[in-house]
Every structure is written in C-alpha cells, then in structure tokens.
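Asks: Just so you know, our numbering puts 81 at position 81 of the sequence shown, and the rest follows in order with no gaps. Structure in structure tokens, see below.
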Amino acid sequence: MRITRIRRQELRLQLDPAVHAAWDPNPRREFAATIVRVETDAGVAGIGSGDTMVGFGEFEHLFIGQDPLAIARHARTLEGIAFHAGRYWPLETALWDLYGRVCGLPLAMLLGGARDSVPAYASWCEHRCGEQRVEDAHALLQAGFRAVKIRLGRGHLEESLAVVAAVRDAVGERLDLIVDLNQWWRMPGDTEASLDPAAAERLIERLRDHDVLWAEEPLAGADHAGMRRLANRTGMRIAGGEMARTFEELLLALEHDALEVFQPDVVLALGISATRTLADLALRRNRWFTPHTWTNGIGLMANLQVCAGVGGGPYIEFPYDPPAWTASKRDFMLAAPIEVGQDGLLRVPDGPGLGVELDEERVAAQLVADTEARG
Ligand SMILES: [Mg+2]
C-alpha cells in the first residue's frame, strides 16, 4: 500500500460570544482546526487533527509514496521534522486512523485494549464567579460527571481560590476537583514569568484544604526539582506535560520524579507512538497517565483511544464549559459530537481507527484553505 495524497483543510468557526480562556490573555473570537487526510492506492484513508500543520508543505514529500502502515518510520521522521521545524502529529494520528481502518479495529484495541471507556472530567476554561460555578457544578452532576477541572485564573487568584472553596462546599464528595495553574508554558507573545516555587507552594497549601485531586502545571516546565519539592512539601499530586516538546523531556521528568500525573497530548506534544511508550513507563512506575485533550473532537478522540488502549486514568479530560464551550462547538467538523454518558464515562466507539466521521457539509462550509500533495 502507498500514500497517494495528503490533504490539509483549514477550517475556522466564528465564536460569538468570544471564549475567555483563562490561560490566554486574548479573547478567542474564532476556533481554527486543520484536518489532515491521508489517502492510499488501496482506497482506504485516515484523518487526523490537532496542531496547526503550518509549514508542513516543505515535508510532504517525505511521506508521499511511502507505505502508510510503517508508522514507526513515519513517527521517527516526524520527530526529526519537529526538531527542525513544526510538530505535525495530526499526520501520525491520520496514519494510526488508517491503520485501524485497515485492521477493522478501534485504535484503542491496537494499542492494547486495556479498557473500553474512561471516566471523563469536565475541563472548564473560563474564569467565572463562585455563584455561577456552583450552578455549573450542579449541572455537571446532573449530566453524570464525577470530576471537574477549575482554572486558577491569572489576575483572579483569590477569586479562583474562592471558586474552588464554593464548589467543594456545594458538591461535597460528589465531584473530584482538579485545579490547573497553567504555568508550564505561555501563548506566543505572553511573556509573563511563571509563578516561583514559594508562591506556588502557598497556593497549593490553600488548595489542600479543599481536597484537590491534582495541581496541574504549577511551575515552568523546566523546574523538575521545584515540582518534586512542591509534592514533597504539600503532599499534593503534581500534573503536567500537556505541551512537552519531546519524549526525552517527559522521560527526564519521570526519572527526576517531577510528576505524579503525566498529561502529554498525542496531537500536540509527543504523537501517539511515543506517548504510548511514555504512558507505559509512567504506569509501570505507579504514576498516572491522563492526556490533555484541548483541541477538537478528533484530537479528543485520538487521546481517548490511547488512554483507553494503555489503561490510563483515573480520568480523561473533556473540554466542556457551556455555554462558552460545548461539544457541538468543539466537534463542529464531526457528524456527531462526542458526548459523555450519564454514567460519566467516555466510551471508545465501535468503529475502526479513531471511530469518528466527518460532517463533509460542515467541513465545506467552514473551509478557509485547502492544500494537497500527490504522488
Ligand atoms: Mg492544563
């Protein structure tokens, strides 16, 4: 089998009202998504999405004409490209989707089939007042969720701590609470320094009073010693690595015992192949693997398939903060949005590969650029 065509479709969805993500100083007025389609001479095709794919045109020739199932070769090629240019993991996702379609099996099964569902935590993105968040938390309980992630908004630290307290008071033990400090990395142009270890420790001490499951990215990513010390001094689980740039970065975090919870996103950070290896190593050291999923429905599903396949958990991230961020906005390019069951579980679909199908009319309606390479 040979790869005959790689197509990249850039989509834009207007967001009205804008989404005020706690980690982004700029309101988000549109939502960009690039879909990668890999086609073959056998008629079978795969799709991926997640990172932008900007600049990939320079490297398409390294894949056209190759056997799509030689995924280790392609993943190593993508690592080489990532060193010199951008991270093009959506291509690898499309190849794994294609591999699953050839085998007629869900990707999770190809990766080990350890479980067929993972409990989802609702991942809130906005900073809102405590009263609103108590109402939002009750809506999550009604919808079946068992856990939620709250952002410690920059410039709103005291209010955010009050939100954590108010939600804990309102829901008792019915929801696990996760708190994200969003300090590991910054958006382009955002040059504010990370929290320093002493400030992060004071915050985490206060979070401890509210029985928080993990504190996410409390320090800049390079500060392994700082994260280890935070965990030792506070007893809190420290999570991170969602946007790590290399496998070695997180392997070092594991060797330095910097994290209790590993979160590489397969369509942004390490790709599926390397994330599986990292997850296996972390799980064997009795650490948690629960990937970041904050892209779109295709990226969410790719991460779910890996998390389920290797037996990660205890939760998987489900980006969801209605009315600003809903499944239908997040998954606008899919024939059906991905939903969490009333039992709080996110299930691996029965279909082969990623198990998602595009809504071709919606893709055409939101299309802003369409490029392709052919062999
Ligand atoms: Mg995070």
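Each residue gets a CB set at the ideal place from its N, CA and C atoms; glycine is no exception.
Identify the continuous beta strand (DSSP E) that holds Q9 and give its terminal residues.
Replies: 3-19 is the extent of the beta strand (DSSP E) around Q9.
Asks: Between which two residues does the beta strand (DSSP E) harbouring I316 extend?
Replies: 316-319
Asks: Out of R228, Q142, W185, which one is the CA nearest neighbour of G344?
Replies: Comparing Cα positions, the closest option is Q142.
Asks: Within the chosen definition, does the stretch 35-50 reach the stretch 96-111 through at least 3 CB pairs nearer than 8 Å?
Replies: Because the criterion of three Cβ pairs below 8 Å is met, the stretch 35-50 and the stretch 96-111 touch.
Asks: Using three-state DSSP, classify S117 as helix, strand or coil.
Replies: strand
Asks: When DSSP labels each residue in this structure, what does I47 get in the three-state scheme?
Replies: strand
Asks: Within 7 Å: the Cβ of D180 and any heavy atom of ligand 1?
Replies: Judged by the Cβ position, D180 qualifies as a neighbour of ligand 1 at the 7 Å threshold, a heavy atom of the ligand being closer than this.
Asks: Since A253 contacts V118 with CB under 8 Å, what's their CB separation in whole angstroms?
Replies: Between V118 and A253 the Cβ distance is about 22 Å, and since that is not below 8 Å, they are no contact.
Asks: For ligand 1, is there any heavy atom lying closer than 7 Å to the beta carbon of H224?
Replies: no
Asks: Where in the stretch 181-264 do unbroken runs of the beta strand (DSSP E), each at least 3 residues long, occur, reported from the N-terminal end onward?
Replies: 212-216, 238-240
Asks: On the DSSP bridge list, what partners appear for L334?
Replies: Answer is L358.
Asks: Please determine whether the Cβ atom of H127 lies at a distance below 7 Å from any heavy atom of ligand 1.
Replies: no
Asks: So, does the stretch 80-89 touch the stretch 280-295, judging by three or more C-beta pairs under 8 Å?
Replies: No, the stretch 80-89 does not touch the stretch 280-295.
Asks: Return yes when the Cβ of L300 is within less than 8 Å of the Cβ of I272, no when it is not.
Replies: no
Asks: Looking at C-alpha atoms only, which residue of V164, A94, G86 is the closest neighbour of R245?
Replies: Here the closest residue by C-alpha is G86.
Asks: For M187, count the other beta carbons within 10 Å of its own beta carbon; 16 or more makes it buried, fewer makes it exposed. Which is it?
Replies: exposed
Asks: With distances taken Cα to Cα, identify the nearest neighbour of V267 among T295, A258, A137.
Replies: Nearest option by C-alpha distance: T295.
Asks: Less than 8 Å between the CB atoms is what I'm expecting for L380 and L281, so what's the real figure, rounded?
Replies: In the structure as shown, the chain starts at 1 and stops at 375, and residue 380 therefore has no counterpart that could be examined.
Asks: Taking only the alpha-carbon atoms, compute the straight-line gap between W124 and W184 and give it to the nearest angstrom.
Replies: Taking the straight line joining both Cα atoms gives about 18 Å.
Asks: Would M109 pass as a contact of D67 if the rule is Cβ separation under 8 Å?
Replies: no
Asks: According to the Cβ coordinates, are W214 and R233 closer than 8 Å?
Replies: no
Asks: Could you tell me which of A170, V36, A137, H127 sits nearest to Y88, measuring between CA atoms?
Replies: V36
Asks: Please classify L377: does DSSP put it in a helix, a strand, or coil?
Replies: This structure leaves residue 377 out entirely; the chain is present only between 1 and 375.
Asks: For a minimum of 4 consecutive residues, which ranges assigned as the alpha helix (DSSP H) are wholly contained in the stretch 276-326?
Replies: For the stretch 276-326, whole alpha helix (DSSP H) runs of length 4 or above, ordered along the chain, are 297-310.
Asks: With the cut-off set at 8 Å, would you say P291 and V306 are in Cβ contact?
Replies: yes
Asks: Distance, Cα to Cα, I316 vs T4?
Replies: 35 Å
Asks: Taking 7 Å as the cut-off, is the beta-carbon of H61 closer than that to any non-hydrogen atom of ligand 1?
Replies: With a cut-off of 7 Å, the C-beta of H61 is classified as distant from ligand 1, since no heavy atom of the ligand falls inside that distance.
Asks: Just checking E217 against ligand 1 - is the residue's beta carbon closer than 7 Å to any of the ligand's heavy atoms?
Replies: yes
Asks: Below 8 Å CB to CB, which residues in the same chain sit around L358 once its five sequence neighbours on both sides are set aside?
Replies: Cβ neighbours of L358 beyond the five flanking positions: I35, I47, M333, L334, A335.
Asks: List the residues that DSSP assigns as beta-bridge partners of T40.
Replies: I3
Asks: Residues in its own chain within less than 6 Å of A274 by CB, not counting five upstream and five downstream?
Replies: F247
Asks: Find out if the Cβ-Cβ distance for the pair A283, V261 is shorter than 8 Å.
Replies: Note that residue 283 corresponds to Leu in the displayed sequence, not to Ala. Going by C-beta atoms, L283 is not nearer than 8 Å to V261.
Asks: Could you compute how far the alpha carbon of R374 sits from the alpha carbon of H61?
Replies: 9 Å
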